[in-house]
Amino acid sequence: MKTIVADILDQSLAQLPELAEAAADLPVESTIERTRDASHGDFASNLAMRLAKPARMSPRDIATRLVDHMADNDALDKVEIAGPGFINFHLGAGAYHSELATILEQGEDYGRQARRAQPRILLEFVSANPTGPLHVGHGRLAAYGATVGNLLEAAGYKVAREYYVNDAGRQMDILGLSVYLRWLEALDQDFEFPDGGYRGDYIRDIAGELEAEDVRVLDDLFDGLPDGDKDEIIDELIGRAKRRLGLGTFAEIRQQALESIRADIEEDLAEFGVTFDRWFSEQSLTTEGRIDAALTVLEKSGKVYEKDGAKWFRATDFGDEKDRVVVRANGNKTYFASDIAYHYDKRERGFDLLIDVLGADHHGYISRVGGGLAAMGYAAEDLEVKLVQFVALFRGGEKVQMSTRSGEFETLRQLRAEVGNDAARFFYVSRSNDQHLDFDLDVAKSESNDNPVYYIQYAHARIASVFRQLAERDLVWDADNGRAAMGLLGEPQEKALMTTLSRYPEMIELAATNRAPQHLVHYLRDLANDFHTYYNAHAFIVDDAALRDARLVLISAARVVIANGLTILGVSAPEAM
RNA sequence: GCGCCCGUAGCUCAGUAGGAUAGAGCACCGGAUUCCUAAUCCGGGGGUCGCAGGUUCGAAUCCUGCCGGGCGCACCA
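Shown next, in the form of structure tokens:
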């Protein structure tokens, strides 16, 4: 709908060369916005004010010229110049009526834009370490990433979703050791479980199902353990287990634990409506030689040097605080080396824009990885990182304490079971990603008017209910008749609803561009409010068939848009509540 | 110490590449149902947009400094 106004302005501008020149760098559409006050019309443009300086004319003179050169347009009622030089556009009812027809015609495609070839987007999110179940913080990453992915697709982009599985390195050895120790415990071996191990109940579950071929009891594993801090003790135990069980057997335990946890995460997310096109294994980077290949490219850039026996990446050249080690003195590659290799691989696979959704504690990582990309012949700007701030759970007004150490953290599963998937998906994205989230469990699970999820779903269910009532009264909705009678929709509540509906495509575009799902949440709340207000003010199923059919056109359109928006959020749109 | 994010109503937060009198929910007060679901609606009070400067026709929004809160600064992953 905004394009109607943009076209009119564009065409007027084209006839005024002296202004068109000044506006060369200014997309006309970006000057147009919805008005906040209905007396200012439907859309307003600040184009004249923006051109005043480059064109060296007064804003009001510019506005006058623009308006004088506008061709007549059926969609337009009138155009006014107001205030310091705003051009206000008043659309006719016909523009809204045709928008309603478009909504019904396009159905679930309404608000979706045509495919854009560029950029091809790789969206990486969650990527939690496969050392235990997802907790509530990961849930926010999942809900945010999934919704941003849906928004980008609605805006026409091709999006691939990926989960990076950190299945390499020391933490995997600790995982394997933890499982083996629980397996020993189950066979009545007596020892104190080391502090540095993973001690959640899920480790016992995995141990209970352990099926490694040559696994056997090492009853002297803890004999003569040297003193040391918890990391040294863990490393010593890992070394002993590897030597005595054999590397192959230890690796088998480790892989079994990894796969069990990874599968659990995948199932958890799938139940949450979050799926991925690919689970990218960090191990595969090593086995396929990609880390070495990336390091070779990086070294050719001249941004790698040796110091103290290690190889360092000159990250400070790319805005990082300090240079970063990529290969340690002991020859092991760092996690940072895998990260660079992974992101290099993403670009090599043909993705133009890499969006990473990360926890807020990863902010130090942005300039580093971006710098790596730049050094390897791509651009730091190819990587866009969306940081998501932490989640605090509140129950009964009290903050719920979360402790990973004790294994007593709140898992995503527990949260989903407590408040339901719909409320969880909704609440997670209802705040800006860079705002801390206070998740109030009592509100999220209350089946009452306190709960904004129900408020929106209820609007959808109510519309469905109206159509059920219609059938019960042996009436049939004649949509063609309704479309022909849309001129009867003159009530203020009807106009308000039509206006909000017509905003949907603009809002989707905005939310996608800004990776800001909260716009959609707020929009749906507004839309539901407009519908509920209308519902309370006027009956839809009236005796006058033309009016009835027209009103049913309007609320059908509302149903379509609410359902489309909820689908993007990953929230169900119930027919009845 | 350095870096990133945040500071808007009593509480939780929106606020669109700067735009016209700053919005919503909750809470509080007062109303609405012989009629399509009251999980609803209508009305009301509530604000020095952390503070101080700057940029300009115009700043909650951009810039600088300060104050307050969160997070991060490994040859860990």
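Just so you know, numbering that gives the first Met the number 0 puts 42 at position 43 of the first sequence, and the rest follows in order with no gaps.
Backbone N, C-alpha and C fix where the C-beta goes; we use that ideal spot for every residue, glycine too.
Fair warning: this is a prediction, and the values are worked out from it, not measured in the lab.
- Contact check between the region 177-192 and the region 223-232: fewer than three CB pairs, one atom from each, fall below 8 Å, which does not count as touching.
- Straight across, the Cα-Cα distance linking W311 with L352 is about 27 Å.
- A check of alpha carbon separations from H518 across E270, Y334 and L150 identifies L150 as the nearest.
- Here the C-alpha atom of A19 lies approximately 40 Å from the C-alpha atom of R430.
- The Cβ neighbour count for Q105, taken over all protein chains shown within 10 Å, is under 16; the residue is labelled exposed.
- With respect to the 8 Å criterion, L474 and A549 are not classified as neighbours on the basis of their beta carbons.
- A154 and I507 do touch by the CB rule: their CB atoms are close to 6 Å apart, below 8 Å.
- In the three-state reduction of the DSSP assignment, L500 falls in the helix class.
- By the 16-neighbour rule on beta-carbons within 10 angstroms, N535 is exposed.
- Less than 8 Å divides the Cβ of G195 from the Cβ of D230.
- Where R64 is concerned, the enclosing alpha helix (DSSP H) starts and stops at P58 to D67.
- DSSP lists H134 as the beta-bridge partner residues of T410.
- Taking the CA atoms as reference points, A460 sits about 49 Å from R59.
- Take F221, set aside five residues on each side of it, and the residues of its chain with a beta-carbon closer than 6 Å to its own are F190, in chain order.
- Residue range F85 to L90 is occupied by the beta strand (DSSP E) that includes N87.
- The shortest C-alpha to C-alpha distance from G564 to any of A37, G144 and D108 is the one to D108.
- Between the C-alpha atoms of A495 and V452 there is a straight-line separation of about 22 Å.
- Rounded to whole angstroms, H89 and M0 show a C-alpha spacing of 12 Å.
- In the pairwise beta carbon analysis, the region 419-430 is classified as not touching the region 279-286: fewer than three pairs are separated by under 8 Å.
- About 7 Å separates the beta carbon of I120 from that of F350, a gap short enough to meet the 8 Å contact definition.
- G199 is not a Cβ neighbour of G138, given a cutoff of 8 Å.
- Cα atoms of G247 and R215: separation of roughly 13 Å, rounded to the nearest angstrom.
- In terms of Cβ geometry, A47 and A62 form a close pair [threshold 8 Å].
- Between the region 376-393 and the region 326-337, the count of Cβ pairs shorter than 8 Å is below three; the stretches do not touch.
- Of the candidates D529, I540 and Q492, I540 places its Cα closest to the Cα of E471.
- Under the DSSP assignment, L353 falls in the beta strand (DSSP E) whose first and last residues are L352 to G358.
- With respect to the C-alpha of Y343, the residue from D316, I232, G376 and N450 having the closest C-alpha is G376.
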